[in-house]
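Written out below as C-alpha cells is the structure these notes cover.
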Amino acid sequence: MLAQSAATSMRVLLLSTRKDCRATSIRQVADLVGRHCPGAGIVETPRPQGDPLGACADITRMRQVLGWAPQLGIENGIRRYLKWLERTPEAIPAWLHTEARAA
C-alpha cells in the first residue's frame, strides 16, 4: 500500500491482520474461505522460487503513518468480506465468474 501526505514522500506500507505478527499462510486463507464456500476448489501449486517461508508484515510504519491498526482477525475478516461479496456481487471480477463456470 502506498501512502502520501504533505509531510512525507511516497512510502510503502506493509499491511497485516494481526498485532502479534502471527503469519497466515495462503493455504490457511484458502481453508478459511472453503469453510464459507463449500463448493470452492483449491488448486495446489509449487511455492514460487525465492518466496520466503514464515514472513510476517511489520505494521509499525502503517500505525505511525495512518494512525490505524487492525481490529479484526483473519477469520472474522474473511467471514465479513464474503458476506459483503454476497451483498455486492458486482464487485466480483468477470474473469472469476468465467473460471467458476468452467470448473
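Note that full-length UniProt numbering gives residue 51 to position 51 of the sequence shown, counting from 1, and the numbers run on in steps of one.
Where is the CB? At the ideal position from N, CA and C, for every residue including glycine.
Model, not experiment: these values are computed from the prediction.
query: Using CA coordinates, which residue listed in D51, A94, E90 and H36 is at the minimum distance from R80?
result: For the purposes of this step, residue 80 is taken as residue 80 along the sequence shown, with counting starting at 1. The residue with the shortest Cα to Cα distance from R80 is H36.
- request: State the DSSP-derived secondary structure class of V12, mapped to helix, strand or coil.
  value: As a first step, residue 12 is located in the sequence shown; it is residue number 12 there, counting from the start. Strand, per DSSP.
- request: Grab me the residues of R30's own chain with a C-beta within less than 6 Å of its C-beta, minus the 5 sequence neighbours each way, in chain order.
  value: Sequence index remark: in the sequence shown, residue 30 carries index 30 (1-based). A small fix is needed here, since residue 30 is Ala in this sequence, not Arg. Result list for A30: I42, in chain order.
message: Quick check: the Cα distance between T88 and D58, rounded to an integer number of angstroms?
response: Indexing the sequence shown from 1 puts residue 88 at position 88. Indexing the sequence shown from 1 puts residue 58 at position 58. Distance between the alpha carbons of T88 and D58 is about 31 Å.
message: For H97 and T24, I'd like the C-alpha separation in whole angstroms.
response: The sequence position of residue 97 within the sequence shown is 97, counting from 1. The sequence position of residue 24 within the sequence shown is 24, counting from 1. One C-alpha to the other measures close to 26 Å.
- prompt: Terminal residues of the continuous alpha helix (DSSP H) containing L82?
  reply: Residue 82 sits at position 82 when you count from the first residue of the sequence shown. From DSSP, the alpha helix (DSSP H) with L82 extends over I74 to R87.
- prompt: What is the DSSP secondary structure of A40, counted as helix, strand or coil?
  reply: Taking the first residue of the sequence shown as position 1, residue 40 is located at position 40. Note: A40 maps to coil in three-state DSSP.
- prompt: Just how far apart, CA to CA, sit R27 and G39?
  reply: Counting from one through the sequence shown, the residue named residue 27 turns up at place 27. Counting from one through the sequence shown, the residue named residue 39 turns up at place 39. As the crow flies, the alpha-carbon of R27 is around 16 Å from that of G39.
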